[in-house]
Amino acid sequence: MRLSHVCRIQFLGFGLVVLMAIGFTIQILGIHFPKRRSVPNGREWIAEKPEGRPQVANTSNMIYSGKAATFLMSHQISPLRLMTVEPQPSYRTCRPRRHIMFLKTHKTAGSTILNLLHRYGERNGLFFALPYKYQFNYPSSFHSYRVKGYNASSRPHYDIMCHHMRFNYPEVRKVMPPDSFYFTILRDPATMAESSFSYYRVVSSAFKKAPNFKAFISHPSHYYRQGERSNHYARNPLWFDLGFNSDAPFTETYANAGIRAVEDTFNLVLLAEHFDESMILLKEELCWNLDDVVTFKMNSRETSRTLNREDIERLRAWSALDWYLYSHFNRTFWNKVEHFGRAKMDNEVRKLKERRQFLAKLCIEGSEPVGAEQIKEEAIKPFQFGQEKILGWPVRNDLPPEVRMRCVRMVTPELQYKDILDVHQFPVRASNGSVLLATPARSIGR
C-alpha cells in the first residue's frame, strides 16, 4: 500500500516536471496556439481606432493552414506585413477627410478611383450617396432626388458621392455636407477620344456614322450633329460632364469662365496620364495612408490605337474646350507637384509602386489582368461594353480568407461594388425579418 502510494507520488512528480519542461520549451520557441475564432469577415486587413486613426490589426488569433500557410511560407510573407498599413507620419496634424465628392468623368481612370473610394468608405462605415441604378440619370443634369433615400425635409447624412453624373453644383450641395472635399480627374482629349470611340461607338450617333476612327479624326464635323443620341461622348465630353455646354463655340472668355467655376468648386483636379502622382496628391489632401490609394487599374482595354502627331492635333482642335481646360489644369497640377517637392514626390511614387507590386504578387493569379472569360467569379468579372475586351483581375484561391476578402475588394468592378454598398445601406428584408440580398439592376442605365 505504502509502496504504491509512493510510486503514484513519484509518477505525478515526474509528469509535472515533463509538463513544466514542455511549457518552458513552448515559451522559448514562441509557439502560439490560436484561440477559436468566429467566421472571418475580411475587415482585419486594417483596424481602426475609435478616433479613426489606422493601427496594426490584431493578428495573434489568425489561423493559417493548408495552401494559405504554404503560400505565406514559400513567399516568406509575414501575416503582420499583410495586415499592416503605412502609419500616419508623426509630422501630420490633419485628420482624415470623410466627406468627399468625386466627379467621375468618362474614360479618365475614374473607375479605378471609384474602387478606392468604395473600399475606404466601406472599411470606415461611411454612407454613400447612391444612384437608384448605376448613374445619376446621366446624361441629364444631376438632381438631388436622384439620390437613393434622399428626402429634402429630413436631409439624411451622406459622406461620399462618386458615381457618374452631369455635375450640377447647387443640387449636389443639397446632398453633401458643407465641408465636403471636391475633386475630379481630366485626360488629354486626344487619347480620350480614342478610348471613347472604342467604348461608346455602339451608342454615340457620331461614332456609329463613321466607318472607322481614322475617318472620324479626318472629318469629325461630317458625322457630328448637335443633340443626336449620346453625342456628348464625341465632343468636349469633359466640359459636358462638368455641367457646361459642350456645343458652345470656343472663345477664351467662355473657356476661362468655365475654368474659374471649376477652380471655385473643386479642391483638386487630377490627371489620368499622371495617375500615380495624382494619387499622392490626393493622399496628402485627404490625410489618408498609402494603402488607401493603392489600386489596380480597373476597366483597362486589351488593345488601344497609337495616335500620330497630326491625329492628336486634330482631336484637340475638335474638342477645343476640353483641350483648353486640360492645358490649364495640367499647369496647376505640376505647380502642386513643385510645391509638394519633386524629390519627395518621386520617393512617394516609388513607395506606391512597390506596394502595388507587392499586393499584385500577393493577390493576383499571375500578377496581371486577363480577359473576362478567364475570370470565373461573377463578383469580380468586368462588365463588357463596346468593341474592345475589358480586362479584370483573377484573385488567388490559396490565400487566408481575411486576406482574400481584401484582395477581392481591390479588384471588384464598380457595378458589383455598388450593389454591395446598396445591400449594406438598403437591405431587403423578408417577412420574417431576415436580410435578403437585393437583386442587382445589372445594366449601364440610369
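Residue numbering for the sequence shown follows UniProt numbering, beginning at 1 and increasing consecutively. The C-beta atom is built at its ideal place from N, Cα and C for all residues, glycine as well. These numbers were taken from a predicted model, which means no experiment stands behind them.
As computed with DSSP, Ser141 is found in a beta bridge with Arg166. The region 106 to 113 and the region 284 to 304 touch, with three or more beta-carbon pairs separated by less than 8 Å. If you draw a straight line from the Cα of Ala372 to the Cα of Glu302, it comes to about 10 Å. Taking a C-beta distance under 8 Å as the contact criterion, Phe329 and Val269 qualify as a contact pair. Per DSSP, Ile185 is not a residue of any alpha helix (DSSP H); the beta strand (DSSP E) it occupies stretches across 181 to 186. Collapsing the DSSP output to three states places Leu271 in a strand.
Under a 10 Å Cβ-count criterion, Lys133 is classified as buried, with 16 or more other Cβ atoms of the shown protein chains found around its own Cβ. Closest in alpha carbon position to Met101, among Lys214, Ile217, Ile259, Asn267, is Asn267. Going by DSSP, Met192 is part of the alpha helix (DSSP H) stretching over 189 to 200.
Using a C-beta cut-off of 8 Å, the region 271 to 279 makes no contact with the region 144 to 163, since fewer than three inter-stretch Cβ pairs fall below that distance. Between Met165 and Phe128, the beta carbon gap of about 13 Å keeps them out of contact (Cβ cut-off 8 Å).
Linking Thr108 to Pro156 through their CA atoms gives a straight-line distance of about 31 Å. Rounded to the nearest angstrom, the gap between the Cα atoms of Val411 and Leu103 is 21 Å.
If you draw a straight line from the Cα of Ser140 to the Cα of Phe244, it is about 12 Å long. In the structure shown, the three-state DSSP call for Phe128 is strand. With the rule of 3 Cβ pairs closer than 8 Å, the region 241 to 255 does not count as touching the region 214 to 223.
In the three-state reduction of the DSSP assignment, Arg229 falls in the coil class.
Counted as a single uninterrupted DSSP element, the stretch harbouring Met101 is not any alpha helix (DSSP H) but the beta strand (DSSP E) occupying residues 100 to 103.
Restricting attention to alpha helix (DSSP H) runs no shorter than 4 residues, the region 236 to 280 encloses them at 237 to 241, 252 to 265, ordered along the chain.
In the pairwise beta carbon analysis, the region 257 to 267 is classified as not touching the region 229 to 238: fewer than three pairs are separated by under 8 Å.
In this model, Ile364 and Pro382 are separated by some 15 Å (Cα to Cα). Under the three-state reduction of DSSP, Ile312 is assigned to helix. In the DSSP assignment, Lys381 falls outside any alpha helix (DSSP H) and carries neither an H nor an E. In this structure, the CA atom of His424 is about 26 Å from the CA atom of Lys283. Scanning its chain for C-beta atoms nearer than 7 Å, with the 5 sequence neighbours on each side dropped, one finds around Ala210 the residues Phe216, Tyr223, in chain order.
Around the beta carbon of Ala343, a 10 Å sphere encloses fewer than 16 other beta carbons of the protein chains shown; the residue is thus reported as exposed. Put simply, the backbone Cα of Tyr326 is about 20 Å away from that of Thr306.
Around the CB of His232, 16 or more other CB atoms lie within 10 Å, so the residue is classed as buried.
In this structure, Leu421 sits away from Asp292, with a CB-CB distance that is not shorter than 8 Å. Taking 8 Å as the cut-off, the Cβ atoms of Leu391 and Ser300 count as close. Within the same chain, and ignoring the five residues on either side of Tyr150 in sequence, the residues whose Cβ sits closer than 7 Å to its Cβ are Ser144, Pro156, Val175.
CA-to-CA, the gap between Gly125 and Ala272 works out to about 28 Å.
In the displayed model, Leu391 falls within a strand according to three-state DSSP. For Gly371, the pairing in a beta bridge is given by DSSP as Leu391. Residue pairing for Val147: DSSP places it in a beta bridge opposite Pro131.
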